[in-house]
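Counted the way my numbering counts, the sequence shown spans residues 564 to 853. We put the beta carbon where it would ideally sit given N, CA and C, even for glycine. Here's the structure, in structure tokens; my notes come after.
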Amino acid sequence: MYRAIAKNKRNTVFIILLFLLIIGGLGFLASVIYNDLTIVIITLVVATGYALIQYFAAGSQALALSGAHQIQKSDNPRLYRIVENLSITTGTPMPKVYIIDDPSPNAFATGRDPQHASVAATTGLLELLDDSELEGVMAHEIGHVQNYDIRVSMIVFGLVVAVGFIADILLRMSFFGGRGNNNNPAVLVLGLAAFIIAPIVAAVVQSAVSRQREYLADATGALTTRHPEALASALTKLGQYGRPMRRQNSTMAHMWISDPTKPGFMDRLFSTHPPLAERVQRLGEIGRSF
564 MYRAIAKNKR NTVFIILLFL LIIGGLGFLA SVIYNDLTIV IITLVVATGY ALIQYFAAGS
624 QALALSGAHQ IQKSDNPRLY RIVENLSITT GTPMPKVYII DDPSPNAFAT GRDPQHASVA
684 ATTGLLELLD DSELEGVMAH EIGHVQNYDI RVSMIVFGLV VAVGFIADIL LRMSFFGGRG
744 NNNNPAVLVL GLAAFIIAPI VAAVVQSAVS RQREYLADAT GALTTRHPEA LASALTKLGQ
804 YGRPMRRQNS TMAHMWISDP TKPGFMDRLF STHPPLAERV QRLGEIGRSF
């Protein structure tokens, strides 16, 4: 587990560099089209500033996008006590607890480190699961906190938004009122293709990072509760329910325990989650090893 935490901290740096490279590449193509190298500098400065802001603000943004509201123990003693007991068991600081008014069962964790973490669960999750299953799901989310997955996912969330935003601006610039090399059809076509492909590459990176995080958090949660069957049962129920979230946002899809989007071909192609059946199978193997 300690190796996984160290790896996640390294991955944070690599992901930031990768996204800055993508953003810098977009800026470079725009500078070629417009024959103005200052566009590269401006794009990188804006992207770096945005990344720094996101490091501190993305957690709050994710909670706001999901419609989550913070609770205290008196508001929902069942959920709060489960999270509190898991925090004591794992030795992690007590995270802020949120509830999302949504019939679709789901949960996520966010924050830049265990000292600034938050966990959220939907009303649908609370209604669908029994206590042991809910404990398994929240242990999974606390596992994300322990493993510093929340930092990785938060930065990926922020930078995916940044890539899409900058690509959209540069794409519009290419169509409306350019100068210089944008008279060269080959350069313009290459630039337009890059501006379209860059967000797709960002989504692929987001998906790849998320799938490995889910396996690790499943294992961490199972080791915490010593009851992997409960989490496996919860995941099975989530798979059978199959109802999308009311407030869907693709930029934070990788943060949930179960994919919150409506299933479809493109969703499966860029899935941020490994198949639930495979996760259940792995949990069964963990259970047999106890």
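Element boundaries [alpha helix (DSSP H), containing residue i]
i       : result
Ala-680 : Segment: none, Ala-680 is in no alpha helix (DSSP H) and carries neither H nor E.
Ile-820 : Segment: none, Ile-820 is in no alpha helix (DSSP H) and carries neither H nor E.
Arg-789 : Note, Arg-789: premise wrong, no alpha helix (DSSP H); not H, not E.
Thr-653 : 640 to 653
Leu-846 : 839 to 852
Boundaries of the beta strand (DSSP E) in which residue i is found, first to last residue
i       : result
Thr-673 : 670 to 673
Tyr-711 : Counting along the chain, Tyr-711 falls outside any beta strand (DSSP E), and DSSP gives it neither H nor E.
Gln-633 : 631 to 634
Residues near residue i by beta carbon distance below 6 Å, same chain, minus five either side
i       : result
Gly-827 : Because Gly-827 sits at a pLDDT of 48, beneath the cut-off of 50, its placement in the model cannot be relied upon, and the following sentence gives the value as read from the coordinates. Nothing listed; no residue qualifies.
Pro-791 : Ala-785, Leu-846, Ile-849 and Gly-850
Tyr-613 : Ala-725
Phe-582 : Leu-722
Leu-832 : For Leu-832, the predicted model reports a pLDDT of 46, less than 50, meaning its position is unreliable; a value from the coordinates is still stated below. Once the five neighbours on either side are set aside, Leu-832 has no close Cβ partner at all.
Rounded C-alpha distance that separates residue i from residue j
i       : j       : result
Leu-628 : Leu-649 : 26 Å
Asn-744 : Ala-593 : The predicted position of Asn-744 is uncertain, since its pLDDT is 48 and thus under 50; a value taken from the coordinates is nonetheless stated next. Roughly 10 Å between the two C-alpha positions.
Ala-782 : Ile-763 : 30 Å
Leu-692 : Asp-665 : 14 Å
Pro-668 : Met-818 : 14 Å
Tyr-597 : Thr-611 : 22 Å
Leu-794 : Gln-803 : 14 Å
Phe-728 : Glu-848 : 42 Å
Ala-670 : Val-724 : 21 Å
His-703 : Ile-602 : 43 Å
Arg-789 : Ile-663 : 28 Å
Asp-638 : Arg-573 : 38 Å
Tyr-685 : Gln-635 : Looking at the sequence itself, residue 685 is Thr, so the reference to Tyr does not match. Their Cα atoms are separated by approximately 15 Å.
Tyr-554 : Val-715 : There is no way to answer for residue 554, as the model of the chain reaches only from 564 to 853.
Leu-580 : Ser-852 : 39 Å
Arg-809 : Pro-823 : 9 Å
Val-608 : Gly-699 : 43 Å
Arg-675 : Pro-807 : 27 Å
Ala-631 : Met-815 : 13 Å
Glu-690 : Tyr-643 : 15 Å
Val-576 : Thr-606 : 19 Å
Met-701 : Ala-620 : 23 Å
Ile-732 : Gln-624 : 21 Å
Same chain, Cβ closer than 7 Å to residue i, five either side skipped, listed in chain order
i       : result
Ser-796 : Glu-696
Thr-653 : Ile-705, Gln-709 and Thr-787
Ala-761 : Ile-585, Leu-589, Val-726 and Ala-730
Leu-626 : Tyr-661, Thr-673, Ser-681 and Ala-683
Met-657 : Glu-647 and Ser-650
Phe-591 : Val-603
Residue from the options with nearest C-alpha to residue i
i       : options                               : result
Lys-800 : Arg-842, Phe-591 and Ile-759          : Arg-842
Pro-677 : Glu-698, Ala-684, Val-660 and Thr-655 : Thr-655
Gly-622 : Ala-672, Leu-600, Asp-665 and Ser-852 : Ala-672
Leu-615 : Tyr-643, Ile-718 and Lys-659          : Ile-718
Val-767 : Arg-809, Leu-722 and Arg-644          : Leu-722
Leu-798 : Arg-845, Ile-663 and Ile-578          : Arg-845
Leu-688 : Ile-732, Ile-578, Gln-617 and Arg-641 : Arg-641
Gly-587 : Val-576, Ile-604, Ala-620 and Glu-698 : Ile-604
Same chain, Cβ closer than 8 Å to residue i, five either side skipped, listed in chain order
i       : result
Glu-777 : Ile-820, His-836, Pro-837 and Arg-842
Asp-712 : Asn-571, Ala-672, Gly-706, Arg-776, Leu-779 and Ala-780
Leu-839 : Leu-798, Thr-799, Leu-801, Gly-802 and Ser-821
Arg-659 : According to the sequence shown, residue 659 is Lys rather than Arg. Gln-633, Ala-680, Ser-681 and Val-682, listed in sequence order.
Asp-694 : Arg-641 and Ile-645
Leu-600 : Ser-594
Met-829 : Unreliable positioning characterises Met-829 in this predicted model, as indicated by a pLDDT of 44, which lies under 50. The coordinate reading is nonetheless provided below. Here the set comprises nothing.
Bridge-paired residues (DSSP) for residue i
i       : result
Thr-685 : Ile-663
Residue i beta carbon near the ligand GDP (any heavy atom closer than 8 Å)
i       : result
Leu-801 : The ligand GDP is not part of the structure shown, which contains no ligands of any sort.
Cutoff 9 Å: residue i Cβ touching any chain D Cβ
i       : result
Gln-678 : No chain D is present in this structure, which holds just one protein chain.
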